[in-house]
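Position in the sequence shown counted from 1, then plus 3, gives you this note's numbering.
Okay, structure first, notes after.
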Amino acid sequence: MKPQIWTHHLNFSCYGARIGTRSNDSRALGELQTVFPPHWKLITSLNVDWQYSLHCAPPTRSGRKPFHTLFSNDEQLARNKDFARIVQAFEQDVQLAVAQKARAKVFVHAGVVGWRGRAILIPGRSYTGKSTLVRELVRAGATYYSDEYAVLDERGRVHPFARQLALRDENSVNRKLSFEELGGGIGKHPIPIGTILATKYRARAKWRPRVLTPGLGSLELLANTVTARSGQPIVLEVLTRVAKHATILKSARGEADGFAHQLLQQLA
Numbered sequence: 004m005k006p007q008i009w010t011h012h013l014n015f016s017c018y019g020a021r022i023g024t025r026s027n028d029s030r031a032l033g034e035l036q037t038v039f040p041p042h043w044k045l046i047t048s049l050n051v052d053w054q055y056s057l058h059c060a061p062p063t064r065s066g067r068k069p070f071h072t073l074f075s076n077d078e079q080l081a082r083n084k085d086f087a088r089i090v091q092a093f094e095q096d097v098q099l100a101v102a103q104k105a106r107a108k109v110f111v112h113a114g115v116v117g118w119r120g121r122a123i124l125i126p127g128r129s130y131t132g133k134s135t136l137v138r139e140l141v142r143a144g145a146t147y148y149s150d151e152y153a154v155l156d157e158r159g160r161v162h163p164f165a166r167q168l169a170l171r172d173e174n175s176v177n178r179k180l181s182f183e184e185l186g187g188g189i190g191k192h193p194i195p196i197g198t199i200l201a202t203k204y205r206a207r208a209k210w211r212p213r214v215l216t217p218g219l220g221s222l223e224l225l226a227n228t229v230t231a232r233s234g235q236p237i238v239l240e241v242l243t244r245v246a247k248h249a250t251i252l253k254s255a256r257g258e259a260d261g262f263a264h265q266l267l268q269q270l271a
């Protein structure tokens, strides 16, 4: 990265991860702030675990839009004339940075809802239908915790990571659902995990779950754990603890709306 004069800084912490953002444009930095991860807190320290640097070029004499460049540490993350694309790239990357650098927490790619004092955890990467299922579970009465990461502590409890739920349309474009549109309650406190669903959407599939052993359940979680941290001792300890005390169900499922009501009734 070429030397720059960064006149504006905005650093924050999230679950112990210290993230730095800096730019030559204060308004641009304010735009990045609108997509900081959930539960962030402003810090004054310049000593950070991950540094984002945003250079905004001045308008050109010809009136053409200039390129803006975003760096993640020393690597160029995005370069685009459309500033919305820069913000989108930052939002996706900064969540992963927090997941990698969080202290005493394990981040698993999963949707999470609360139901009667315990969490339902749905591990899975993108395009497995977990966000749609989370939405329908909340509409059926569950409490929203996350549609992206399950944040697990050393006791095996899951903490809220309640960002705006993102749903893909038929063109695979994300549409954010506001909390008002989502409805239902938003999780505020950590809760134990009662059920783990190893499931993917399949057209016309019927829910015929088999119960997995804690060992197989741990593997399902490990396969969706943030890669950079999967080899750390705390990861296996936490995942084993979670799987030991949860019911782990595996099956394909059909449409999320009917399945959500069926599942909550069964767990009741």
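We treat Cβ as the ideally placed atom computed from N, Cα and C, and that holds for glycine.
All figures in this text were calculated on a predicted structure; none of them were measured in a lab.
C-alpha gap between residue i and residue j, whole angstroms
i, j, result
"A201", "D28", "45 Å"
"G19", "P41", "13 Å"
"G187", "V116", "11 Å"
"K209", "R178", "28 Å"
"Q108", "D52", "Correcting the residue type first, residue 108 is Lys in the shown sequence and not Gln. If you take the alpha carbons of K108 and D52, they lie about 15 Å apart."
"S26", "G261", "47 Å"
"T47", "Y55", "16 Å"
"N14", "I22", "6 Å"
"E151", "S16", "19 Å"
"L180", "A153", "19 Å"
"K44", "E94", "16 Å"
"V101", "P212", "33 Å"
"L219", "G144", "29 Å"
"P330", "T72", "Outside the displayed range of the chain (4 to 271) lies residue 330, so it cannot be described from this structure."
"F182", "S65", "42 Å"
"K203", "L266", "14 Å"
"D96", "S149", "17 Å"
"L57", "R119", "44 Å"
"Y147", "I189", "5 Å"
"E184", "H112", "23 Å"
"V1", "F164", "There is simply no residue 1 to check, as the chain begins at 4 and stops at 271 in what is shown."
Those residues which DSSP pairs with residue i across a bridge
i, result
"R25", "H12, S56"
"A201", "K253"
"Y152", "H112"
"P126", "A113"
"Y18", "Beta-bridge pairing links Y18 to no other residue."
"A169", "K179"
"R121", "W118"
"L45", "F15"
"T228", "V111"
"H162", "V154"
Residue i, enclosing beta strand (DSSP E) - first and last residue
i, result
"F110", "109-118"
"H71", "71-75"
"R82", "78-83"
Enclosing alpha helix (DSSP H) for residue i [first to last residue]
i, result
"S134", "133-142"
"A92", "86-104"
"I237", "236-247"
"P217", "217-225"
"A263", "259-270"
"E184", "182-185"
Same chain, Cβ closer than 8 Å to residue i, five either side skipped, listed in chain order
i, result
"T243", "P217, S221"
"E34", "F86, V90"
"A105", "C17, Y18, G19, A20, V154"
Assumed close pair residue i, residue j - CB separation to whole angstroms, cut-off 8 Å
i, j, result
"I199", "A249", "5 Å"
"S134", "G114", "6 Å"
Cβ-based neighbour list, residue i, same chain, cut-off 7 Å, excluding 5 preceding and 5 following
i, result
"R207", "G257"
"V241", "V109, L155, E157, G159"
"A278", "Because the chain here runs from 4 to 271, residue 278 falls outside it and cannot be looked at."
"C59", "S26, N27, D28, A31, H71"
Chain-order list of residues whose beta-carbon lies under 6 Å from that of residue i (same chain, five-residue window excluded)
i, result
"Q98", "P40"
"A271", "none"
"I196", "A122, L124, V161, V245, A249"
"A231", "Q103"
"H264", "A143"
"N174", "Only weak support exists for where N174 lies, its pLDDT of 47 falling under 50; the value from the coordinates is given anyway. Once the five neighbours on either side are set aside, N174 has no close Cβ partner at all."
"K84", "K68, F70"
"H11", "S26, S29, L32"
"L215", "I251, K253"
"L140", "V116, A263"
"N76", "Q54"
Any non-hydrogen atom of the ligand NAD within 7 Å of residue i CB
i, result
"V101", "The ligand NAD is not among the ligands present in this structure, which contains no ligands whatsoever."
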